[in-house]
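Asker: Heads up: the sequence shown begins at 0 in numbering that gives the first Met the number 0, then just goes up one per residue.
First, the structure itself, so that you have it in front of you.
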Amino acid sequence: MEINPQSFVVVANRLPVDATITPESDGSTAVRWHPAPGGLVTAMDAVMRHNPGAWVGWCGTADLDLDPFTDDAGRMLVPVTLTAEELQEHYEGFSNASLWPLYHDGVAPPEYHREWWATYEEVNRRFADAAAAAAADGATVWVHDYQLQLVPALLREQRPDLRIGFFLHIPFPPFEIFRQIPWRRQILTGLLGADLIGFQRKTDASNFRRTLRMQLGMRTHRTNVLVPGSDGRQERRIRAEAFPISIDSHDFEELARSTRVQERAAEIRRELGNPDTVLLGVDRLDYTKGIRHRLRAVGELLEEGQLDSTRTVLVQVASPSRGRVDLYRAIRDEIEGTVGRINGNLATLGHNPVIHLHQPQPREEVVALYLAADVMLVTALRDGMNLVAKEYVASRFDGDGVLVLSEFAGAADELTQAVTVNPYDIDGLKAAIMQAVTMDRSERRRRMRFLRRRVMENDVQAWAHRFLDALTGSET
Numbered sequence: 000m001e002i003n004p005q006s007f008v009v010v011a012n013r014l015p016v017d018a019t020i021t022p023e024s025d026g027s028t029a030v031r032w033h034p035a036p037g038g039l040v041t042a043m044d045a046v047m048r049h050n051p052g053a054w055v056g057w058c059g060t061a062d063l064d065l066d067p068f069t070d071d072a073g074r075m076l077v078p079v080t081l082t083a084e085e086l087q088e089h090y091e092g093f094s095n096a097s098l099w100p101l102y103h104d105g106v107a108p109p110e111y112h113r114e115w116w117a118t119y120e121e122v123n124r125r126f127a128d129a130a131a132a133a134a135a136d137g138a139t140v141w142v143h144d145y146q147l148q149l150v151p152a153l154l155r156e157q158r159p160d161l162r163i164g165f166f167l168h169i170p171f172p173p174f175e176i177f178r179q180i181p182w183r184r185q186i187l188t189g190l191l192g193a194d195l196i197g198f199q200r201k202t203d204a205s206n207f208r209r210t211l212r213m214q215l216g217m218r219t220h221r222t223n224v225l226v227p228g229s230d231g232r233q234e235r236r237i238r239a240e241a242f243p244i245s246i247d248s249h250d251f252e253e254l255a256r257s258t259r260v261q262e263r264a265a266e267i268r269r270e271l272g273n274p275d276t277v278l279l280g281v282d283r284l285d286y287t288k289g290i291r292h293r294l295r296a297v298g299e300l301l302e303e304g305q306l307d308s309t310r311t312v313l314v315q316v317a318s319p320s321r322g323r324v325d326l327y328r329a330i331r332d333e334i335e336g337t338v339g340r341i342n343g344n345l346a347t348l349g350h351n352p353v354i355h356l357h358q359p360q361p362r363e364e365v366v367a368l369y370l371a372a373d374v375m376l377v378t379a380l381r382d383g384m385n386l387v388a389k390e391y392v393a394s395r396f397d398g399d400g401v402l403v404l405s406e407f408a409g410a411a412d413e414l415t416q417a418v419t420v421n422p423y424d425i426d427g428l429k430a431a432i433m434q435a436v437t438m439d440r441s442e443r444r445r446r447m448r449f450l451r452r453r454v455m456e457n458d459v460q461a462w463a464h465r466f467l468d469a470l471t472g473s474e475t
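Below, the structure written as structure tokens:
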């Protein structure tokens, strides 16, 4: 199918839908589509409902070569083909074993392999080529996240007529950490192809601008970066600043208000034995999420009797993530072992104090869990934003519930009426959990009113408008 160039193009590692190959009764095969996972996809899916255009991304299945097509929502989807080897080296390798731990302040040791970098370059070039083909003259192109940091410059080489934005959904580390990476100059040069570079927090944007000064000797002024021209004289001015992402807040509230979700929330409480306190954690299984620290704190509270093990339940949803990476398999084993030890020591007939769900949950089920939970535990060791915190707040239309939130999550900058914690401080985390559990109703409701006002006013559409208005109005 020939691509019909669009005036607005989103470029992300994944399409908003995943393709799977299924056998047919006649012996042939067919491509089936279903919604793709991930916070980025969820956020941008909502944005594109109001900004129709093209979406460039991988289809979710290796070695599947598909033509561009228009989906039921009217979006033009442009699949980028990736081989199994490219997925291993670009996604599992350089993106998630090199960049991910580095950008999360070295919470785990990053690995660097030259063959991974070579594949990263090749895949970024393929995405840039697809975006160039999908963009109309003078189009706005919005590139997303750490897997595609070379795309802005590669795209600008081909299409200088385009307005190019880039948004980093994860943290950007301090210069002293970023400088470890052997290909640091190439990554910075790739990002500088954009007209506007967005970050989750002011500290991330500040880290980036300082890195440009220290590594490339560039001049910056406030949020502006002066990029030398190829002729050595003419400068290009770009902006690098914070645009905290959000969620489709009203969509979550509408779902939470539905009768079926409220009935499911009540059913969840009954299935758990109608405990006095339901604690909840909802995370992708990742070492940055602080799940181990959370389990340790709750386990100690249960063992010490500060939380009644017969009247308290922690529900921990840990969706599978990067299961072929050794470190992630080790994290899963450790979490399952910790849950087993807590339950082995404290369970009674018909009651486990910790419920571990290691499988993806439908969105309706997650929202029902939000409504059923007295306390939401977000204990990330480092997180660009953490949209789960905002989802919990948006879902609590009843004005109740307490959010315990890590100060190392970007959401802490906005959700200042949460009970904030340093998850590395186990005693402090235990004290925060007890503060949340014992908080009186009027205090809970006062805090939740503030949180809901912030989340409902600053939704994903407001975030997109702020970014796109800055992009289309920025100087080149």
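Note that CB positions come from ideal geometry on N, CA and C, so glycine has one too.
(1) I need the DSSP call for Val338, collapsed to helix, strand or coil.
(2) Going by the DSSP bridge assignment, what does Phe251 pair with across the sheet?
(3) Can you confirm whether the segment 246-259 touches the segment 293-306 when touching is taken to mean that 3 or more C-beta pairs between the two stretches lie within less than 8 Å?
(4) Out of Tyr111, His249, Tyr369, which one is the CA nearest neighbour of Val281?
(5) Beta-carbon within less than 7 Å of Pro181's beta-carbon, same chain only, minus the 5 sequence neighbours each way: which residues are those?
(6) Since I believe Phe166 is in contact with Phe242 (beta carbons under 8 Å), could you give me their beta-carbon distance rounded to a whole number of angstroms?
(7) Which residues in the same chain have their Cβ closer than 7 Å to the Cβ of Ala367, if we skip the five residues on either side of it in sequence?
(8) For Thr118 and Phe198, I'd like the C-alpha separation in whole angstroms.
(9) Given this structure, state the Cα-to-Cα distance separating Thr475 from Ala72, to the nearest angstrom.
(10) Give the DSSP bridge partners of Thr28, in chain order.
(11) Pick from Pro36, Pro34, Thr19, Ala35: whose alpha carbon is nearest that of Thr28?
(12) Report the three-state DSSP secondary structure of Asn3 (helix, strand or coil).
(13) Three or more beta-carbon pairs under 8 Å between the segment 404-418 and the segment 269-286, yes or no?
(14) For Asn457, which residues in the same chain have their Cβ closer than 6 Å to its Cβ, ignoring the five residues on either side in sequence?
(15) Output the residue ranges of the alpha helix (DSSP H) runs that lie fully inside the segment 329-384 and measure 4 residues or longer, sorted by chain position.
(16) Determine the contact status of Ala132 and Leu153, defining contact as a CB-CB distance below 9 Å.
(17) Distance check for Asp250 and Met384, CA to CA, integer angstroms please.
(18) So, with DSSP's three-state summary, where would you put Gly137?
(19) In terms of alpha-carbon separation, which member of Ile176, Gln233, Pro34, Ala11 lies closest to Leu101?
(20) Which residue comes first and which comes last in the beta strand (DSSP E) that contains Trp54?
(21) If you follow the beta strand (DSSP E) that Glu91 is in, where does it begin and where does it stop?
(22) Does the segment 390-400 come close enough to the segment 206-220 to have 3 or more Cβ pairs within less than 8 Å?
(23) On the criterion of 16 or more Cβ atoms from any shown chain inside 10 Å, does Phe68 qualify as buried, or is it exposed?
(24) Which first and last residues belong to the beta strand (DSSP E) in which Met75 is found?
(25) The beta strand (DSSP E) with Glu240 in it runs from where to where?
(26) Rounded to whole angstroms, what is the Cα-Cα separation between Ala53 and Ser97?
(27) Compute the Euclidean distance between the alpha carbons of Thr139 and Gly164, then round it to the nearest angstrom.
(28) In the DSSP output, what is Ser318 paired with across the bridge?
(29) Taking all protein chains shown into account, do 16 or more other C-beta atoms lie within 10 angstroms of the C-beta of Leu348, making it buried, or fewer, making it exposed?
(30) Please return the same chain residues whose Cβ sits closer than 6 Å to the Cβ of Arg444, not counting the five positions on each side in sequence.
(31) Could you spell out the range, first to last residue, of the alpha helix (DSSP H) harbouring Asn206?
(32) Check whether the segment 141-152 and the segment 183-203 are in contact - that is, three or more C-beta pairs closer than 8 Å.
(33) In the DSSP assignment, find the alpha helix (DSSP H) that holds Arg162 and state where it starts and stops.
(34) Could you tell me the alpha carbon to alpha carbon distance between Ala130 and Val8, rounded to whole angstroms?
(35) What does DSSP give as the partner residues of Val10 in its beta bridges?
(36) Looking at the strands, I want to know which residues DSSP matches up with Asp17.
Answerer: Working from what's here:
(1) Locating residue 338 in the sequence shown gives position 339, where the first residue counts as 1. In the three-state reduction of the DSSP assignment, Val338 falls in the helix class, which pools H, G and I.
(2) On the sequence shown, residue 251 is found 252 positions in, with the first residue counted as 1. For Phe251, which the question treats as bridged, DSSP gives no partner whatsoever.
(3) Contact check between the segment 293-306 and the segment 246-259: fewer than three CB pairs, one atom from each, fall below 8 Å, which does not count as touching.
(4) By 1-based counting over the sequence shown, the position of residue 281 is 282. Closest by alpha carbon: Tyr369.
(5) Position 182 of the sequence shown, counted from the start, is the residue given in the question as residue 181. Cβ within range, chain order: Tyr111.
(6) Along the sequence shown, read from residue 1 onward, the residue named residue 242 stands at position 243. Along the sequence shown, read from residue 1 onward, the residue named residue 166 stands at position 167. Confirmed, about 7 Å.
(7) If you number the sequence shown from 1, residue 367 lands on position 368. Closer than 7 Å at the Cβ level, and outside the excluded window around Ala367, lie Val260, Arg263, Ala264, Ile267.
(8) Within the sequence shown, the letter at position 119 stands for residue 118. Within the sequence shown, the letter at position 199 stands for residue 198. Per the coordinates, the alpha-carbon of Thr118 lies some 25 Å from the alpha-carbon of Phe198.
(9) The residue you call residue 475 lines up with position 476 of the sequence shown. The residue you call residue 72 lines up with position 73 of the sequence shown. Its pLDDT being 41, under 50, Thr475 is placed unreliably by the model, and nothing is read from it.
(10) Within the sequence shown, numbered from 1, the residue matching residue 28 stands at position 29. Looking at the DSSP output, Thr28 bridges to Pro22.
(11) Your numbering for residue 28 matches position 29 in the sequence shown. If we check each option's Cα against that of Thr28, Thr19 comes out closest.
(12) Here the question's residue 3 lines up with position 4 in the sequence shown. Here Asn3 sits in coil by DSSP.
(13) Judged by Cβ distances under 8 Å, the segment 404-418 makes no contact with the segment 269-286, as fewer than three pairs qualify.
(14) Against the sequence shown, residue 457 aligns to sequence position 458. Listed in chain order, the non-local C-beta contacts of Asn457 below 6 Å within the same chain comprise Ser245, local neighbours out to five positions each way being set aside.
(15) Within the segment 329-384, the complete alpha helix (DSSP H) segments at least 4 residues long are 362-371, listed from N- to C-terminus.
(16) For this step, residue 132 is matched to residue 133 along the sequence shown. For this step, residue 153 is matched to residue 154 along the sequence shown. Going by C-beta atoms, Ala132 is not nearer than 9 Å to Leu153.
(17) In the sequence shown, the residue the question calls residue 384 occupies position 385. In the sequence shown, the residue the question calls residue 250 occupies position 251. If I take the Cα positions, the gap works out to 19 Å.
(18) Locating residue 137 in the sequence shown gives position 138, where the first residue counts as 1. Look at Gly137 here: in three-state DSSP terms it is strand.
(19) Locating residue 101 in the sequence shown gives position 102, where the first residue counts as 1. Per the Cα distances, Ile176.
(20) Along the sequence shown, one-based indexing puts residue 54 at 55. Taken as a continuous stretch (DSSP letters only), the beta strand (DSSP E) holding Trp54 covers 53-57.
(21) On the sequence shown, position 92 is the one that residue 91 refers to. Segment: none, Glu91 is in no beta strand (DSSP E) and carries neither H nor E.
(22) Proximity of the segment 390-400 to the segment 206-220 falls short of the contact definition, fewer than three beta-carbon pairs being nearer than 8 Å.
(23) Within the sequence shown, residue 68 is the residue found at index 69, counting from 1. Counting of Cβ neighbours within 10 angstroms places Phe68 among the exposed residues, the total staying below 16.
(24) Taking the sequence shown and counting its residues from 1, the one referred to as residue 75 is at position 76. Boundaries of the beta strand (DSSP E) harbouring Met75: 75-79, taken from the DSSP string.
(25) The residue labelled residue 240 in the question sits at position 241 within the sequence shown. Start and end: 234-241.
(26) If you number the sequence shown from 1, residue 53 lands on position 54. If you number the sequence shown from 1, residue 97 lands on position 98. Roughly 30 Å between the two C-alpha positions.
(27) The residue you call residue 139 lines up with position 140 of the sequence shown. The residue you call residue 164 lines up with position 165 of the sequence shown. The straight-line gap from Cα to Cα measures roughly 8 Å.
(28) Counting from 1 along the sequence shown, the entry for residue 318 is found at position 319. As computed with DSSP, Ser318 is found in a beta bridge with Arg283.
(29) The residue labelled residue 348 in the question sits at position 349 within the sequence shown. In summary, Leu348 is exposed, with fewer than 16 beta-carbon neighbours lying within 10 Å of its beta-carbon over all protein chains present.
(30) Looking up residue 444 in the sequence shown gives position 445. Gly398.
(31) Here residue 206 refers to the residue found at position 207 when the sequence shown is read from its first residue. Start and end: 201-210.
(32) Under the three-pair Cβ rule at 8 Å, the segment 141-152 counts as touching the segment 183-203.
(33) The residue you call residue 162 lines up with position 163 of the sequence shown. No alpha helix (DSSP H) holds Arg162; the beta strand (DSSP E) holding it covers 162-166.
(34) The residue labelled residue 130 in the question sits at position 131 within the sequence shown. The residue labelled residue 8 in the question sits at position 9 within the sequence shown. When only Cα atoms are considered, Ala130 and Val8 end up about 7 Å apart.
(35) As a working note, residue 10 is residue 11 in the sequence shown. DSSP, once it has assigned bridges, lists Val55, Val142 as partnering Val10.
(36) Here residue 17 corresponds to residue number 18 of the sequence shown, with the count starting at 1. Answer by DSSP bridge pairing, in chain order: His33.
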